[in-house]
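Below: the structure, in structure tokens.
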Amino acid sequence: MLRPIPRRFALATAVAALAATAALPTTAHARTAPRCTVSMLLGELRTPTAGAGQRQAKLLLTNVTRRTCSLGGFIGGQLLGARNNDLPTNVVRNTARRAGIVTLTPGQSATTTLQWGVITGTGDRQTGECQPTPARIEITPPNASSHLVLPWRNGPVCQQGRITVNPLVHA
37 MLRPIPRRFA LATAVAALAA TAALPTTAHA RTAPRCTVSM LLGELRTPTA GAGQRQAKLL
97 LTNVTRRTCS LGGFIGGQLL GARNNDLPTN VVRNTARRAG IVTLTPGQSA TTTLQWGVIT
157 GTGDRQTGEC QPTPARIEIT PPNASSHLVL PWRNGPVCQQ GRITVNPLVH A
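Note that this note's numbering numbers the sequence shown so that position 130 is 166, with each residue one more than the last.
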């Protein structure tokens with residue numbers, strides 16, 4: 037059976053909670069820099085490293101303006117063929133890593149890791165390449181509706197274009 041909390045205790049608890057949160061910066065205060073837009077960023081996909089049946093590549097997003105801006109969260113992506121046609125793509129967020137706000141002063145970069153498989157999986161072609169080889173990748177920064185287009189020189193992405201991404205962090 038639940039018992040009501042005495043009013044005096046509830047008021048004291050509320051006052052203590054307000055005092056504790058007053059010392060913490062608010063989300064609005066912590067995010068003083070405006071959001072980075074695509075026009076403020078230069079993207080670079082580094083040469084991948086190879087592992088057992090998988091590849092990993094670092095993506096850098098660099099602030100190329102004279103203003104400070106911020107990013108936070110996960111990128112989006114779309115693999116493109118030689119004729120800019122959409123190829124199978126499934127960007128999966130690695131939520132085991134906590135996303136935060138990354139503030140970029142002019143010239144600073146944020147980075148994330150892209151990881152994909154190179155072994156044929158369910159839904160892939162069973163002969164030849166598992167999926168068509170992309171020519172480019174569209175990278176959509178967090179909370180953006182436009183994207184950067186970068187060259188893709190990393191071969192096919194198996195498991196129906198599955199790419200796992202980590203949250204953006206300072207480079």
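Even glycine gets a Cβ: it sits at the ideal position worked out from N, Cα and C.
Three-state class that DSSP yields for residue i in the structure shown
i, result
"cysteine 27", "Past the boundaries of the shown model lies residue 27; the chain is included only from 37 to 207, so the question cannot be answered."
"histidine 206", "strand"
"serine 75", "helix"
"asparagine 99", "strand"
"glutamate 165", "coil"
"isoleucine 137", "strand"
"proline 70", "coil"
"proline 61", "Caution applies to proline 61, whose pLDDT of 37 falls short of 50 and renders its modelled position unreliable; the value that the coordinates give is listed next. It is coil, neither helix nor strand."
"proline 187", "strand"
"leucine 123", "coil"
Identity of the residues DSSP links to residue i by a beta bridge
i, result
"threonine 176", "Gly112"
"valine 243", "Examination of residue 243 is not possible in this model, given that the chain is present from 37 through 207 alone."
"glutamine 90", "Gly87, Gly153"
"serine 182", "Its beta-bridge partners do not exist; DSSP assigns none."
"aspartate 160", "None, per the DSSP bridge assignment."
Residue i, buried or exposed, once every other Cβ within 10 Å from all chains shown has been counted against 16
i, result
"asparagine 202", "buried"
"threonine 148", "buried"
8 angstroms contact criterion, which residue i and residue j should meet: CB distance rounded
i, j, result
"leucine 186", "arginine 198", "Rounded, the Cβ-Cβ distance is 19 angstroms, inconsistent with contact."
"proline 178", "glycine 108", "6 angstroms"
"serine 145", "alanine 93", "Not confirmed; about 15 angstroms, so no contact."
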